[in-house]
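Note sheet for the following structure.
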Amino acid sequence: MLCICFAFVRWNSFVSQQFQILAGVRQGGVLSPTLFAIFVDSVIKKLRKSGYGTYIGKFYFGCLLYADDIMLVSHSITVMQQMLDICSAEAESLDFSFNTVKSVALRIGQRYKHDCIALRLSGADLAYVDRTKYLGVMLTSSRMFTCSFDHLKLKFYRCFNAIFTRARNAGNELVSVHLLKSVCLPIILYGTEALQPSRSTLRMLDNLINRAVYRIVECSQSVDIKYIHLMVDLSALNLLVQRRHCAFVRQFNNFACV
Numbered sequence: 027m028l029c030i031c032f033a034f035v036r037w038n039s040f041v042s043q044q045f046q047i048l049a050g051v052r053q054g055g056v057l058s059p060t061l062f063a064i065f066v067d068s069v070i071k072k073l074r075k076s077g078y079g080t081y082i083g084k085f086y087f088g089c090l091l092y093a094d095d096i097m098l099v100s101h102s103i104t105v106m107q108q109m110l111d112i113c114s115a116e117a118e119s120l121d122f123s124f125n126t127v128k129s130v131a132l133r134i135g136q137r138y139k140h141d142c143i144a145l146r147l148s149g150a151d152l153a154y155v156d157r158t159k160y161l162g163v164m165l166t167s168s169r170m171f172t173c174s175f176d177h178l179k180l181k182f183y184r185c186f187n188a189i190f191t192r193a194r195n196a197g198n199e200l201v202s203v204h205l206l207k208s209v210c211l212p213i214i215l216y217g218t219e220a221l222q223p224s225r226s227t228l229r230m231l232d233n234l235i236n237r238a239v240y241r242i243v244e245c246s247q248s249v250d251i252k253y254i255h256l257m258v259d260l261s262a263l264n265l266l267v268q269r270r271h272c273a274f275v276r277q278f279n280n281f282a283c284v
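This note's numbering numbers the first residue of the sequence shown as 27 and each following residue consecutively.
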């Protein structure tokens, strides 16, 4: 793949001579995530072999990886530093480096607000943050594992307004409702099957749907909106989350039994 991979640099109207790319994977390539997973697999193997990190039953969850998004999970700062040392040593042996500017540390537990020693990765200190996003899910630092869904408001309204503006010209409310269910609804349902949002969060997300329905059919009475939900087969958000959670638990149990 690298033998036939070339690139050039364009700056305004000037174009450089083409040069051969001798390392790395193509940005956005179909095989790029798979190739990188094979390349970085030795990091996961050494972490699992060390015994450091979190286990759920017999399964190792100390290192979660999707493409180049890596998350380490441990029960103490000392163990986390030992895991980071393994990652640093393996990165040096593989001749690649972690982006320490984008790498952060987040604490969950009774002492999450207490000061503690800085964690180091590849010779750089990692910043402690109150929240961080991993695979589209906003994790927050607190006494217990919690996630924030506030960022979904802007994302949902941006998507709905873009669709509603175009669909309104069709003069058919059913088209707008169908787009709401197929395009906008997955935005606020993403990850809810595993994260189990609180009741207040579900009410907030359900209110987003009601506001969207209100704009489509131009009615504000709660009775009318509930009737419209029934007519267009738009279930309440808590029911949708419960169904997704049951399906997730079923799939996880099937995976654990393999």
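Glycine residues also receive a C-beta, built at the ideal position from the N, C-alpha and C atoms.
Sequence-distant residues of the same chain with beta carbon closer than 8 Å to residue i, five excluded per side
i, result
"F175", "M164, I214, P223, T227, M230, L231"
"E116", "S68, V69, K72"
"R194", "S202"
"Q44", "F32, A33, F34"
"I82", "none"
"A49", "L28"
In DSSP terms, what residue i is bridged to
i, result
"L165", "T158, C173"
"D151", "R146"
"Q247", "Paired residues: none, contrary to the question."
"A131", "Y154"
Same chain, Cβ closer than 7 Å to residue i, five either side skipped, listed in chain order
i, result
"K207", "L260"
"T80", "F87, G88, V99, S100, H101"
"L62", "Sequence inspection shows Phe at residue 62; the Leu mentioned does not correspond to that position. Excluding sequence neighbours, F62 sits near V51, A93, D94."
"L263", "L228, L231, D232, I235"
"P59", "A93"
"C29", "none"
"V41", "F34"
"F171", "I134"
"H177", "M164"
"V209", "C185, I189"
"I251", "N236, V239, Y240, C245"
"W37", "none"
"K84", "none"
"R225", "none"
"V258", "V203"
"R270", "L215, T218, E219"
"H140", "none"
"I254", "V239, V243"
"R169", "G135, Q136, Y138"
Same chain only: Cβ atoms within 6 Å of residue i, ignoring 5 sequence neighbours per side
i, result
"I47", "C31, A33"
"T158", "V130, L132, L165"
"G217", "V163"
"D156", "S167"
"C142", "I103"
"Y154", "A131"
"Y160", "M97"
Nearest-angstrom Cβ-Cβ length linking residue i and residue j, presumed shorter than 8 Å
i, j, result
"A238", "F186", "5 Å"
"E219", "V267", "7 Å"
"L211", "I189", "With a Cβ gap of about 12 Å, L211 and I189 do not count as contacting."
"T126", "L152", "7 Å"
"L221", "C173", "5 Å"
"L91", "V66", "7 Å"
"V113", "F124", "Sequence check: residue 113 is Cys here, not Val. The Cβ separation is near 7 Å, so the contact holds."
Residue-chain proximity (residue i, chain B), Cβ-Cβ < 9 Å
i, result
"S174", "The chain labelled as chain B is not found in the depicted structure, where only one protein chain is given."
Query raised in the report: Taking only runs of the alpha helix (DSSP H) that begin and end inside the segment 67 to 102, which ones reach a length of at least 4 residues, in chain order?
Result: If one requires a minimum length of 4 residues, the alpha helix (DSSP H) runs lying completely within the segment 67 to 102 are 67 to 76, in chain order.
Query raised in the report: Do the segment 176 to 186 and the segment 145 to 156 meet, that is, are 3 or more Cβ pairs less than 8 Å apart?
Result: With the rule of 3 Cβ pairs closer than 8 Å, the segment 176 to 186 does not count as touching the segment 145 to 156.
**Report entry** In chain order, each beta strand (DSSP E) run of at least 3 residues that lies wholly inside the segment 30 to 57
**Finding:** Segments of the beta strand (DSSP E) lying fully in the segment 30 to 57: there are none.
Query raised in the report: Can at least three beta-carbon pairs, one atom from the segment 102 to 113 and one from the segment 71 to 79, be found at a separation below 8 Å?
Result: As far as the Cβ criterion goes, the segment 102 to 113 touches the segment 71 to 79, which means the pair count is three or higher.
Report task. Check whether the segment 245 to 257 touches the segment 272 to 279, counting contact only when three or more Cβ pairs, one atom from each stretch, lie closer than 8 Å. Result -> With a cut-off of 8 Å, the segment 272 to 279 and the segment 245 to 257 do not count as touching, because too few Cβ pairs lie within range.
Query - Segments of 4+ residues assigned as alpha helix (DSSP H) that fall wholly inside the segment 175 to 221 - result: Taking only runs of at least 4 residues, the alpha helix (DSSP H) segments lying wholly in the segment 175 to 221 are 177 to 193, 199 to 205, 211 to 215, 218 to 221.
**Report entry** beta strand (DSSP E) runs wholly inside the segment 222 to 276, at least 3 long, in chain order
**Finding:** Correct list: empty.
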